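In the working numbering, the protein residues as written are 209 to 499.
Beta carbons: idealized from backbone N, C-alpha and C, even for Gly.
Nothing here was measured: the structure is a model prediction, and the numbers come from that model.
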């Protein structure tokens, strides 16, 4: 009589979960965003499960980001969240890079450095005149001369554990990864320096810390993205981006850019330190950051 083969039990591996959160004013999603979402689902990073949260009618972006973040933090056990705005697109395969970067000790937050929705013709011509090459790649030229959503001091690491990454003071929230580990650190700071408040959106109310509330100072008023970054820096945490990632930013037309092209131009000009919009980071806004 043949013996029955014993089937060894297999252990179920618990996947890490990523919540992709997209606030949308009118519920319309440009083709580049749809293409990004589709490519992410076709090539989900190993060991991860993806959950999308697409919300329309979010004309108040400050309230939307505050609610998204606090509901994710307090009402879920998801490993990480990614703000991915409906007007931003990138290669879905690059998501794996962002998740890997977030696991490097010392990389607290990682974001996507996409271009602003503007082409500055004088800057394009200025850079083109300094490129002493018989042929100019127009896409690369536009990318090199574009204004990007990163701000403050930029430090590009060419070796070590941060090799290839750029540490920055602030960045837009259109593509921004937050892990629960670093969120815990930020919320620890918030609990000591801010008062909880309530947010009413998505049909119900939640309470938490208004980390995205705009900061005002003698230099001007700041959007919810840079204000959040100011609080991150006040908490002693770091923000990075990968300059080699290419993004689209959709307005009246699609703006494409790769920040590494701009950095290559700085290197050609022997500019060793980049400090964009330095006045945003010039004074101590501690009291404003706690509001």
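Exposure of residue i, with buried meaning 16 or more beta-carbon neighbours within 10 Å
| i | result |
| --- | --- |
| residue 226 | buried |
| residue 248 | buried |
| residue 367 | exposed |
| residue 408 | exposed |
| residue 307 | buried |
| residue 430 | buried |
| residue 428 | exposed |
| residue 223 | exposed |
| residue 242 | exposed |
| residue 434 | buried |
| residue 459 | exposed |
| residue 380 | buried |
| residue 382 | buried |
| residue 346 | exposed |
Contacts around residue i, its chain only, beta-carbon distance under 7 Å, and the 5 residues preceding and following it disregarded
| i | result |
| --- | --- |
| residue 494 | Unreliable positioning characterises residue 494 in this predicted model, as indicated by a pLDDT of 44, which lies under 50. The coordinate reading is nonetheless provided below. Closer than 7 Å at Cβ, skipping near neighbours: 442. |
| residue 462 | 240 and 456 |
| residue 173 | In the structure as shown, the chain starts at 209 and stops at 499, and residue 173 therefore has no counterpart that could be examined. |
| residue 471 | 364 and 451 |
| residue 252 | 258 |
| residue 303 | 248 and 253 |
| residue 487 | The predicted model places residue 487 with a pLDDT of 46, which falls under 50 and marks its position as unreliable; any figure quoted below should be read in that light. Closer than 7 Å at the Cβ level, and outside the excluded window around residue 487, lie 427. |
| residue 179 | The question about residue 179 has no answer, for the chain in this structure spans 209 to 499. |
| residue 328 | 353 and 355 |
| residue 209 | Bear in mind that a pLDDT of 48 at residue 209, under 50, signals an unreliable position, so the number given afterwards is only what the model happens to contain. Nothing listed; no residue qualifies. |
Close beta carbons around residue i, own chain, < 8 Å, minus the five adjacent residues each side
| i | result |
| --- | --- |
| residue 286 | 225, 226, 227, 259, 280 and 388 |
| residue 283 | 414 |
| residue 246 | 300 |
| residue 267 | 233 |
| residue 305 | 450 and 453 |
| residue 400 | none |
Distance CB(residue i)-CB(residue j) smaller than 7 Å
| i | j | result |
| --- | --- | --- |
| residue 326 | residue 457 | no |
| residue 390 | residue 313 | no |
| residue 294 | residue 237 | yes |
| residue 385 | residue 318 | yes |
| residue 167 | residue 402 | The structure shown does not extend to residue 167, since the chain is modelled only from 209 to 499, so the question has no answer here. |
| residue 278 | residue 416 | yes |
| residue 405 | residue 418 | yes |
| residue 469 | residue 343 | no |
Same chain, Cβ closer than 6 Å to residue i, five either side skipped, listed in chain order
| i | result |
| --- | --- |
| residue 229 | 261, 276, 289 and 291 |
| residue 356 | 321, 323 and 467 |
| residue 395 | none |
| residue 354 | 323 and 465 |
| residue 331 | 353 |
| residue 310 | 318, 385 and 387 |
| residue 333 | none |
Cβ distance (whole Å) where residue i is taken to contact residue j below 8 Å
| i | j | result |
| --- | --- | --- |
| residue 166 | residue 351 | The structure shown does not extend to residue 166, since the chain is modelled only from 209 to 499, so the question has no answer here. |
| residue 378 | residue 360 | 5 Å |
| residue 420 | residue 273 | 4 Å |
| residue 449 | residue 337 | At roughly 28 Å, the Cβ-Cβ gap does not stay under 8 Å, so residue 449 and residue 337 are not in contact. |
| residue 445 | residue 393 | 6 Å |
Interface flag, residue i vs chain D, CB-CB below 7 Å
| i | result |
| --- | --- |
| residue 332 | No chain D is part of this structure, which consists of one protein chain only. |
Residue i Cβ short of 6 Å to the ligand SAM heavy atom set
| i | result |
| --- | --- |
| residue 454 | Among the components of this structure there are no ligands whatsoever, and the ligand SAM is therefore not found. |
Any beta strand (DSSP E) of 3 or more consecutive residues that is wholly inside the segment 280 to 326: The qualifying runs are 288 to 292, 296 to 298 and 317 to 319.
Runs of alpha helix (DSSP H) wholly within the segment 378 to 430 (minimum 4 residues, chain order): 388 to 401, all fully within the segment 378 to 430.
Those runs of the beta strand (DSSP E) which lie wholly inside the segment 438 to 464 and span at least 3 residues: Complete beta strand (DSSP E) runs here, min 3: 447 to 449 and 454 to 458.
Whole runs of the alpha helix (DSSP H) within the segment 216 to 268, excluding any shorter than 4 residues: The alpha helix (DSSP H) runs of length 4 or more contained entirely in the segment 216 to 268 are, from start to end of the chain, 239 to 250.
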